[in-house]
Amino acid sequence: MSVEAQLLALSPLDGRYAGKVDALRPIFSEYGLIRARVKVEVEWLLALAAEPGIVELAPFSDAAAARLRALVDTLTPADAARVKEIERTTNHDVKAVEYFIKERLKDDAELGPALEFVHFACTSEDINNLSYALMLNEARQYVLLPKLDELIQKLRAMAHEHAALPMLSRTHGQTASPTTVGKEIANVVARLQRQGETLAAARMPGKINGAVGNYNAHVASYPDIDWPAFSERFVHSLGLNWQPYTTQIEPHDGIAEICDAQRRIDTIAIDLCRDVWGYISLGYFKQAVKAGEVGSSTMPHKVNPIDFENAEGNFGIANALFEHFAAKLPISRWQRDLTDSTVLRALGTAFGHALIGFDALLRGLGKLSANPQRLAEDLDAAWEVLAEAVQTVMRRHGLPNPYEQLKSLTRGQGINEASMREFIGTLELPAADKQRLLDMTPGSYVGLAEKLAREI
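Under the numbering used here, think of the first position of the sequence shown as 294, with each following residue one higher.
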């Protein structure tokens, strides 16, 4: 796309960010939708030809089947443009695909006689629901899950690298029991892994059962064929799960499940972006400086966390759309209304913004380096966090009012190394336990954080 065309693009996905979503264009573009429709129509014709009960349609030779499938494999944007040209007459996008296929087959000696079995007994939604299901499966398998895996691998490497690097926790924004940088990153890895498994396992249902889901036209034409069994075999042949009960449309619950799973992944990523943004602000992480890059138009010293901000914004746009898809698509008035049609066309927009978010987040993580000195400074200024350890050991040995004593010592007061150790020295504890507390520092009070981080 030329710079001039990008400048005139209404959506940033086709303008500023055009190059970042190229992996999704062959899938979710209108070309991608037309290609998926052609595939479903072709495979349906092949399935019909293989059914012995349809005596008027002779089985195709291997060569003829290959020629049919070549319509899909070699479909070009110019071919899709021809479909759009036909649509200008039909004013119906799926019918235009049917006419396009017939146009390509009419001069074929073997396939030409089968023209009237193209789109046989189908309603448009038979083709559309399977097409969108194929598109979502392709995007999930080849774009979304690989990108999620890339993020998980990056975070896992960081969790292992910083497994032992102590960090002050901040529950409610206040100093709290220390953790390690690696353990906090490991938490995110565990969450993303779980939701990634959910996304990967979500079933993508499909149907091909006629105008209102009852095989009316099918049975009228060939009453002796077991059409539900035929439908099930066909849907499974596309790598999809069969949906036996529908109105005119497949109810889209599967699409809602995919959207909800991706939305949860994006939400976890937003949580990570905000936390890292805060840690950068505290100085826990430094960012690599890119030559020539400007942080502020007026403040030369600034290195802003722009990648994390960009990621958060794009994940937010994606999730607003995913939320709408999941809430709207499973709802259709009576046996069918057309409100899902225009909404489904925006699926690529949501996944495009999610993809941009992933790339920005990965880019930002790649620029980070931990700042042990700053982390140590905050820990050394927070000796009050050892109050939890001291009062718990006091509880073990039956000392009176341990929580209340530590609360009186620490709450709202400045506690340093000397005052904490002085208090520990007054306690009537076994020598080994007292010494263990005296040797403890905020930086060493991390429990099993290092072990947990390394095991992710």
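C-beta: ideal position from N, C-alpha, C; glycine also.
Just to confirm, is the Cβ distance from residue i to residue j under 7 Å?
i	j	result
G532	F321	no
I501	D633	no
L741	L461	no
A562	A619	no
A450	R747	no
I749	A359	no
P459	T468	no
S424	V528	no
A402	L350	no
G242	I551	Nothing about residue 242 can be reported from this structure: the residues present for the chain run from 294 to 749 only.
H646	I610	yes
L661	A643	no
D559	N612	yes
T264	E677	This structure cannot settle anything about residue 264, because the visible part of the chain is limited to 294 through 749.
K476	L668	no
H690	L722	yes
What is the residue span of the beta strand (DSSP E) that residue i lies within?
i	result
L461	459 to 464
T383	Not the beta strand (DSSP E): T383 falls in the alpha helix (DSSP H), residues 370 to 383.
P439	Taken as a continuous stretch (DSSP letters only), P439 belongs to no beta strand (DSSP E), being part of the alpha helix (DSSP H) at 438 to 454.
What does the Cβ neighbour count give for residue i, buried or exposed, with the cut at 16 atoms within 10 Å?
i	result
L731	exposed
W535	buried
L631	exposed
S590	Caution applies to S590, whose pLDDT of 46 falls short of 50 and renders its modelled position unreliable; the model cannot decide the point.
G312	exposed
W627	exposed
S625	buried
E235	Only positions 294 to 749 of the chain appear in this structure, which leaves residue 235 out of reach.
Y538	exposed
A343	exposed
A329	buried
P593	In this prediction, P593 scores a pLDDT of 47, lower than 50, which makes its location untrustworthy; the coordinate-derived value is nonetheless stated afterwards. Its Cβ having fewer than 16 others within 10 Å, P593 is exposed.
Y310	buried
A356	exposed
D315	exposed
Q488	buried
D386	buried
R381	exposed
Q778	In the structure as shown, the chain begins at 294 and stops at 749. Residue 778 is therefore absent and cannot be evaluated.
V436	buried
Which first and last residues belong to the alpha helix (DSSP H) in which residue i is found?
i	result
S625	Counting along the chain, S625 falls outside any alpha helix (DSSP H), and DSSP gives it neither H nor E.
S470	Per DSSP, S470 belongs to no alpha helix (DSSP H); it is in the beta strand (DSSP E), 467 to 473.
T764	No answer is possible for residue 764: it lies beyond the span of the chain, which begins at 294 and ends at 749.
K395	386 to 398
R747	742 to 748
S417	417 to 432
M713	710 to 718
L531	Note, L531: premise wrong, no alpha helix (DSSP H); not H, not E.
I327	323 to 342
Q299	296 to 301
Under 7 Å, Cβ to Cβ, is there at least one residue of chain C near residue i?
i	result
R656	You won't find chain C in this structure, because it holds only one protein chain.
Just to check, is the beta-carbon of residue i closer than 6 Å to a non-hydrogen atom of the ligand MG?
i	result
I445	Among the ligands in the structure shown, none appear at all, so the ligand MG cannot be discussed.
**Contiguous beta strand (DSSP E) assignments of at least 3 residues, all confined to the stretch 554 to 588** = Residue ranges of uninterrupted beta strand (DSSP E) with 3 or more members, entirely inside the stretch 554 to 588 and ordered along the chain, are 578 to 580.
**Prompt:** Can we say the stretch 537 to 546 touches the stretch 415 to 433, given the rule of at least three CB pairs closer than 8 Å?
**Reply:** The stretch 537 to 546 and the stretch 415 to 433 touch, with no fewer than 3 CB-CB distances between them shorter than 8 Å.
**Item:** Whole alpha helix (DSSP H) elements within the stretch 606 to 689, 4-residue minimum
**Value:** Those alpha helix (DSSP H) runs which fall completely within the stretch 606 to 689 and span 4+ residues are 632 to 637, 640 to 659, 665 to 673, 680 to 689.
**Contact the stretch 425 to 442 vs the stretch 470 to 484: 3+ CB pairs below 8 Å** = Not touching, per the Cβ criterion.
**Item:** Cβ contact check for the stretch 566 to 579 and the stretch 598 to 611: 3 or more pairs under 8 Å
**Value:** With a cut-off of 8 Å, the stretch 598 to 611 and the stretch 566 to 579 count as touching, because enough Cβ pairs lie within range.
**Asked** Do the stretch 676 to 683 and the stretch 641 to 654 touch if we need at least three Cβ pairs shorter than 8 Å?
**Response** Counting C-beta pairs closer than 8 Å gives fewer than three between the stretch 676 to 683 and the stretch 641 to 654, which falls short of the contact rule.
**Prompt:** Between the stretch 323 to 339 and the stretch 395 to 412, are three or more C-beta pairs nearer than 8 Å?
**Reply:** Contact between the stretch 323 to 339 and the stretch 395 to 412 is present, because at least three Cβ pairs lie under 8 Å.
**Any alpha helix (DSSP H) of 4 or more consecutive residues that is wholly inside the stretch 474 to 517** = DSSP assignment within the stretch 474 to 517 yields the following whole alpha helix (DSSP H) runs of 4 residues or more, N-terminal first: 474 to 494, 509 to 514.
**Asked** Can at least three beta-carbon pairs, one atom from the stretch 391 to 402 and one from the stretch 359 to 377, be found at a separation below 8 Å?
**Response** Three or more Cβ pairs closer than 8 Å define a contact, and the stretch 391 to 402 meets that threshold against the stretch 359 to 377.
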